[in-house]
Structures are given as C-alpha cells and as structure tokens.
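J.: Heads up: the sequence lines are chains X and D, in that order.
Going letter by letter, the first sequence gives residues 103 to 251 in the working numbering.
Going letter by letter, the second sequence gives residues 67 to 317 in the working numbering.
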Amino acid sequence: MSITEFFIEAAGNYVATIGFGILLNIPRRALNYAGWIGVLGYFVYKFLVIWGGGYVVGNMLGAVVIGVASLQAARIKKMPMILFNIPALVPLVPGGQAYQMIKYFALGQNATAFTFLIQVVMISGAIAFGFLLSELVNRVQQRVWRHRR
Amino acid sequence: MSSQKKRDQLILHTALTAGRIMIENGSEVERVEDTMERIAHNAGAKTSQLFVMITGILMAINGEVGAQIEPVKRRTFDLEKISVVNDLSRQFAAHKITLQQFSNQLDHLDKSTKYFPFWLQLLAAAMVSGPLEVVFRHNLPDFWITCVVGTVGWLVFYLLSKFIQIRFLSEFAAAATIGVLAIWSVHLGLGNSVDDIIIGSVMPLVPGVPITNSVRDILAGNLVSGPARGVEALVSAAAIGFGIAMVLQFL
C-alpha cells in the first residue's frame with residue numbers, strides 16, 4: 103500500500119463514517135469522534151490483512167478496537183456509546199463479498215456463490231465476535247475503574 | 067395520600083415515555099432498562115420492576131397494584147433522540163431539572179423531529195457511497211457516478227419510506243433502482259464497472275443499527291429482543307440482495 107493509497111483510504115473512511123452518522127441523525131458533537139474511530143478500526147483490519155493475519159482475525163480485531171475506542175469516546179463526550187460504534191462499523195461491512203454472492207447466485211453459478219457466502223458468514227461472525235470481545239474488555243475495564251476509585 | 071399517587075403516576079409516565087422514545091429510535095434494551103431504573107430511583111421510588119421488550123414496556127414502582135404498559139409501535143433510527151434522553155436523565159440525576167420539567171421535555175421531544183436538513187442527508191448518502199467504493203474497490207474513475215447513483219438510490223428509499231410504512235419494501239425498491247441505474251450508466255459510458263458502482267451505492271442502506279444492537283442485546287442476556295433485531299437486519303439485507311439479484315437476472 104503506497105502513501106497515496108493510505109491517505110485516500112483514510113479520507114474515504116472518515117468521510118463515509120461521518121456520512122453514515124448523518125443518515126442516522128447522530129448529534130453534531132459526536133460526528134468527528136465517530137469518523138476517527140471508523141478510520142482507526144478500518145486500519146487495524148487493513149494492517150492485519152497486509153501483515154498476513156487473514157480476513158477473519160483482521161475484522162475481529164478491528165471490531166474490538168472500534169468497541170473499546172467507542173467506550174472511551176462515550177466517556178469523554180458523556181454520550182451513549184452506540185453513537186460512535188454504529189457508524190464506525192460501516193467500513194468493515196463485507197459489502198463486496200455479499201454483492202458477489204448475490205451476483206453469482208443470480209447468474210446460477212452456485213459453486214462460486216457458496217465460496218462468497220462462506221466468506222460473508224465468516225466476516226460477519228468475526229465482526230459480531232469482535233464486538234462481543236470488546237464488550238468483555240469494557241466490562242473488565244469498568245470493574246477495574248470502579249475498584250480503583 | 068393522593069399527592070403521593072399523583073407523584074407515582076408522573077414517575078411512571080416519565081420513565082415509560084423515556085423508554086419508549088429510546089426503543090423507537092434504535093437503542094439497545096439494556097440501556098433502556100438502565101435509564102428507566104435510574105429515573106425511578108432518582109425520583110424517589112423505593113423499588114421498580116421492569117419488563118422491557120422490543121415491542122413494548124411494562125413497569126411498576128413501589129410494588130403497587132397498578133403496573134403500566136407502553137406499546138412500541140413504530141421503529142426508526144434517530145440516534146439524536148437517544149442522546150437527548152440520556153442528557154435529560156443526567157440532568158435529572160444532578161437535580162438540575164424537576165420531574166415535571168423532565169416529563170414535559172420528553173413529551174416535547176416525542177413530538178418534534180429534528181433531522182439534519184434534507185440536502186445534507188442527500189450529500190451524506192453521496193459521502194457514504196462514493197468514498198466506500200474507492201476504499202473497497204480502488205476504482206477512482208467511478209467515484210462520481212457512484213456518488214450520483216448512491217444518492218438517487220437513497221432518495222428512492224427516503225421517499226418510499228414516507229409513503230409506505232414497510233421499511234423492507236423501500237429497501238427492495240431502492241436496491242432495484244441502484245441496480246438499474248448502475249447498468250444504465252455503464253451502457254451510457256459514464257462508468258466502467260457495474261459491480262463497483264453497485265457495491266458503493268448500496269452502502270447507505272446497510273442496516274448498521276440492528277446488526278450492532280442485536281449483538282449487544284444477545285450478549286446482555288436479552289434472548290428475545292436480540293434475535294428479533296437480528297431478524298430485522300437479516301430481512302433488510304435479504305431485501306437489498308433480492309433487489310439487486312432481480313436486476314442482474316435481466317442483465
């Protein structure tokens with residue numbers, strides 16, 4: 103990945119996350135943070151894939167990072183956490199694979215379609231599991247936080 | 067004693083309205099339970115019993131006979147309202163507003179809808195579709211046409227949602243429009259790749275709220291509401307998929 107590509111992808115993710123936030127009508131104060139969390143989550147995924155971590159682990163850790171970062175943002179801004187993690191999730195959605203799956207099913211090439219179906223299921227499962235793990239991290243952290251005060 | 071009863075009525079009304087607004091606009095169940103319990107506790111109720119589901123809320127306070135039901139009829143995505151209810155609840159906990167003010171503001175919030183201006187929403191649809199096409203497919207020449215197709219697709223979704231109340235049908239129609247426009251624009255030489263244009267343009271329709279809430283609800287142990295949200299997300303995804311597949315059949 104060249105430097106130009108890096109910046110184009112960062113800008114694209116930031117803009118897209120904010121755009122999705124506007125469609126869901128999240129408050130203006132939360133837009134900027136949501137955008138940066140989206141960029142962060144996507145690059146965790148991207149770098150893991152580049153370094154040979156595979157799609158599944160990449161998506162999972164991306165979702166974990168989004169979940170943990172969203173809780174921090176929620177704490178700083180004193181706003182509900184879902185304002186940050188829902189828009190930030192959008193760049194991780196397996197839109198490309200889902201489309202290829204639909205296309206090959208529509209064209210009657212079921213064998214190819216099934217490979218994409220498996221990818222879609224694996225990626226969505228990984229994202230869901232990532233959110234689950236981030237929730238675990240958050241709960242442990244909250245307990246430690248309360249314990250210390 | 068009657069003033070005590072009135073007070074209890076007001077507590078119930080406030081908590082139930084807050085809960086209904088939050089569920090209607092796409093909050094997860096655990097947050098609703100938490101907020102309603104806090105409201106009841108801060109208003110001075112000794113105990114509160116809650117039963118929150120995605121289609122209705124049941125609440126009683128102080129162990130009295132009169133539990134109240136609040137049905138949840140419609141469901142949209144307006145995360146700002148959740149944030150406002152959250153703020154009001156915090157202010158109430160800090161004794162900045164009284165229970166009566168809290169209740170009045172909730173009723174006001176329930177009636178008003180403060181969305182971003184329409185042109186900004188259209189721009190946002192373009193902002194989601196174009197950049198994500200570039201991020202996913204690295205296809206810079208198709209950036210502009212994806213923005214246009216994505217905006218039109220979202221416009222169809224928005225207008226249809228106003229007239230027919232079934233979200234899935236609007237999603238289906240929007241996806242079919244996107245498919246037709248993408249093929250058409252490639253025919254006219256405005257774009258290079260039908261696949262890339264469709265992938266980008268469909269992104270504003272992704273059911274992000276149900277997916278996220280479903281996972282969080284299941285994890286929190288709400289085994290009824292979580293899967294219900296999951297089904298909502300699945301049907302949305304299927305509606306979009308069928309819309310696209312139908313167009314590709316006639317390719």
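Note that the Cβ used here is the ideal one computed from N, Cα and C, for glycine as well.
(1) In three-state DSSP terms, what is E94 (chain D)?
(2) At a cut-off of 7 Å, would you count A111 (chain D) as near the ligand FMN, judging by its Cβ distance to the nearest heavy atom?
(3) Determine which residues of the region 266 to 278 of chain D have a Cβ less than 9 Å from any Cβ of chain X, and write them out in chain order.
(4) Considering only residues of the same chain and omitting the five flanking positions on each side of W210 (chain D), which have a CB-CB separation below 8 Å?
(5) Is the region 137 to 155 of chain X touching the region 179 to 196 of chain X, taking contact as three or more C-beta pairs under 8 Å?
(6) Among residues of its own chain, excluding the 5 on either side of G122 (chain D), which ones have a beta-carbon nearer than 8 Å to its beta-carbon?
(7) Opposite G122 (chain D) in the DSSP bridges: which residues?
(8) Between the region 260 to 271 of chain D and the region 94 to 106 of chain D, do at least 3 Cβ pairs fall closer than 8 Å?
(9) Compare the C-beta of N152 (chain D) against all C-beta atoms of chain X and say whether one is closer than 8 Å.
(10) Note the first and the last residue of the continuous alpha helix (DSSP H) segment covering Q231 (chain D).
(11) Measuring only the C-alpha atoms, how far is E103 (chain D) from Q157 (chain D)?
(12) Is it the case that the Cβ atoms of A240 (chain D) and G257 (chain D) are separated by a distance below 8 Å?
(13) Secondary structure at I220 (chain X), three-state DSSP: helix, strand or coil?
(14) So, is the C-beta of E146 (chain D) closer than 8 Å to a C-beta in chain X?
(15) For Q187 (chain D) versus L194 (chain X), is the C-beta distance shorter than 8 Å?
(16) So Q318 (chain X) is in the alpha helix (DSSP H); what residue range does that whole segment cover?
(17) Whose CA, out of X:A132, X:R245 and X:A200, lies closest to the CA of S172 (chain X)?
(18) If A215 (chain X) sits next to M203 (chain X), beta carbons under 8 Å apart, how far is it from one beta carbon to the other, in whole angstroms?
(19) Please confirm whether D261 (chain D) has its beta-carbon closer than 8 Å to some beta-carbon of chain X.
(20) Please state the DSSP three-state secondary structure of I105 (chain X).
(21) Identify the contact partners of V117 (chain X) in chain D, using a Cβ-Cβ distance below 7 Å as the criterion.
(22) So that I know if they touch, is there some Cβ in chain X lying closer than 8 Å to that of A81 (chain D)?
(23) Under three-state DSSP, which class holds I127 (chain D)?
(24) How close, in whole Å, do the beta carbons of N161 (chain X) and A228 (chain X) come, if the pair is a contact with beta carbons under 8 Å?
(25) Whose C-beta lies closer than 7 Å to the C-beta of N128 (chain D) among residues of the same chain, with five residues either side of it excluded?
(26) Is any beta-carbon of chain D found at less than 8 Å from that of F145 (chain X)?
(27) When you compare the CB positions of I249 (chain D) and V313 (chain D), do they come within less than 8 Å of one another, or not?
(28) Between the region 151 to 176 of chain X and chain D, which residues of the former have a C-beta closer than 8 Å to a C-beta of the latter?
(29) Could you name the residues of the region 215 to 226 of chain X whose beta carbon sits closer than 9 Å to any beta carbon of chain D, in the order they occur along the chain?
(30) Answer yes or no: does any C-beta atom of chain X fall closer than 8 Å to that of E94 (chain D)?
(31) From the DSSP output, in three-state form, read off S259 (chain D) for me.
(32) Does N187 (chain X) have its Cβ less than 8 Å from a Cβ in chain D?
(33) Here's the rule I'm using: 16 or more other beta-carbon atoms within 10 Å means buried, otherwise exposed. How should S69 (chain D) be labelled?
(34) If we call anything under 8 Å between Cβ atoms a contact, is I105 (chain D) one with T80 (chain D)?
T.: In terms of the structure at hand:
(1) Here residue 94 (chain D) refers to the residue found at position 28 of the second sequence. E94 (chain D) falls in the coil class under three-state DSSP.
(2) The ligand FMN is not among the ligands present in this structure, which contains no ligands whatsoever.
(3) G266, V268, M269, P270, V272, G274, V275, I277 and T278
(4) Here residue 210 (chain D) refers to the residue found at position 144 of the second sequence. Contacts found: G196.
(5) yes
(6) Position 56 of the second sequence holds residue 122 (chain D). Cβ neighbours of G122 (chain D) beyond the five flanking positions: I135, E136, P137 and V138.
(7) As a position in the second sequence, residue 122 (chain D) is number 56, starting the count at 1. Beta-bridge pairing links G122 (chain D) to D:M119 and D:P137.
(8) Contact fails: fewer than three Cβ-Cβ distances are below 8 Å.
(9) If you number the second sequence from 1, residue 152 (chain D) lands on position 86. Yes, N152 (chain D) lies at the interface with chain X (some Cβ there is under 8 Å from its Cβ).
(10) By 1-based counting over the second sequence, the position of residue 231 (chain D) is 165. Unbroken run through Q231 (chain D): none, as it is neither H nor E.
(11) Numbered from 1 along the second sequence, position 37 holds the residue referred to as residue 103 (chain D). Numbered from 1 along the second sequence, position 91 holds the residue referred to as residue 157 (chain D). For E103 (chain D) and Q157 (chain D), the distance between alpha carbons rounds to 15 Å.
(12) The residue you call residue 240 (chain D) lines up with position 174 of the second sequence. The residue you call residue 257 (chain D) lines up with position 191 of the second sequence. Going by beta carbons, A240 (chain D) and G257 (chain D) fall outside the 8 Å limit.
(13) The sequence position of residue 220 (chain X) within the first sequence is 118, counting from 1. Note: I220 (chain X) maps to helix in three-state DSSP.
(14) Taking the first residue of the second sequence as 1, we reach residue 146 (chain D) at position 80. Yes - at least one Cβ of chain X is within 8 Å of the one on E146 (chain D).
(15) On the second sequence, position 121 is the one that residue 187 (chain D) refers to. On the first sequence, position 92 is the one that residue 194 (chain X) refers to. No.
(16) Residue 318 (chain X) lies beyond the range of chain X shown here (103 to 251); nothing can be said about it.
(17) Working through the first sequence from its first residue, we reach residue 172 (chain X) at position 70. The residue with the shortest Cα to Cα distance from S172 (chain X) is X:A132.
(18) Taking the first residue of the first sequence as 1, we reach residue 215 (chain X) at position 113. Taking the first residue of the first sequence as 1, we reach residue 203 (chain X) at position 101. The Cβ separation is near 5 Å, so the contact holds.
(19) Here residue 261 (chain D) corresponds to residue number 195 of the second sequence, with the count starting at 1. Under the Cβ distance rule, D261 (chain D) counts among the residues neighbouring chain X, one pair being separated by less than 8 Å.
(20) Here residue 105 (chain X) corresponds to residue number 3 of the first sequence, with the count starting at 1. In the three-state scheme derived from DSSP, where H, G and I count as helix and E and B as strand, I105 (chain X) is classed as helix.
(21) Reading the first sequence from its first residue, position 15 is the one you call residue 117 (chain X). Within chain D, the residues near V117 (chain X) are M193 and P197.
(22) By one-based count along the second sequence, residue 81 (chain D) stands at place 15. Judged by the 8 Å Cβ criterion, A81 (chain D) is not in contact with chain X.
(23) Here residue 127 (chain D) refers to the residue found at position 61 of the second sequence. Residue state, collapsed to three classes: strand.
(24) Numbered from its first residue, the first sequence carries residue 161 (chain X) at position 59. Numbered from its first residue, the first sequence carries residue 228 (chain X) at position 126. Yes, they are in contact, since the Cβ atoms of N161 (chain X) and A228 (chain X) sit about 4 Å apart, within 8 Å.
(25) Position 62 of the second sequence, counting from 1, holds the residue named residue 128 (chain D). The beta carbon of N128 (chain D) sits closer than 7 Å to those of D74, A111, K112 and T113, all from its chain and outside the five residues before and after it, given in chain order.
(26) Against the first sequence, residue 145 (chain X) aligns to sequence position 43. With 8 Å as the cut-off, F145 (chain X) does not count as an interface residue toward chain D.
(27) The count along the second sequence starts at 1 and reaches residue 249 (chain D) at position 183. The count along the second sequence starts at 1 and reaches residue 313 (chain D) at position 247. Yes, the pair counts as a contact, with Cβ atoms nearer than the cut-off.
(28) none
(29) S226
(30) On the second sequence, residue 94 (chain D) is found 28 positions in, with the first residue counted as 1. For E94 (chain D), the answer is yes, since a Cβ of chain X falls inside 8 Å of its Cβ.
(31) By one-based count along the second sequence, residue 259 (chain D) stands at place 193. Note: S259 (chain D) maps to coil in three-state DSSP.
(32) For the purposes of this step, residue 187 (chain X) is identified with residue 85 of the first sequence, where counting begins at 1. Taking Cβ atoms only, chain D reaches closer than 8 Å to N187 (chain X), which makes this a yes.
(33) In the second sequence, counting from the first residue as 1, residue 69 (chain D) sits at position 3. Exposed, since its Cβ has fewer than 16 Cβ neighbours within 10 Å.
(34) Taking the second sequence and counting its residues from 1, the one referred to as residue 105 (chain D) is at position 39. Taking the second sequence and counting its residues from 1, the one referred to as residue 80 (chain D) is at position 14. For I105 (chain D) and T80 (chain D), yes; Cβs fall inside 8 Å.
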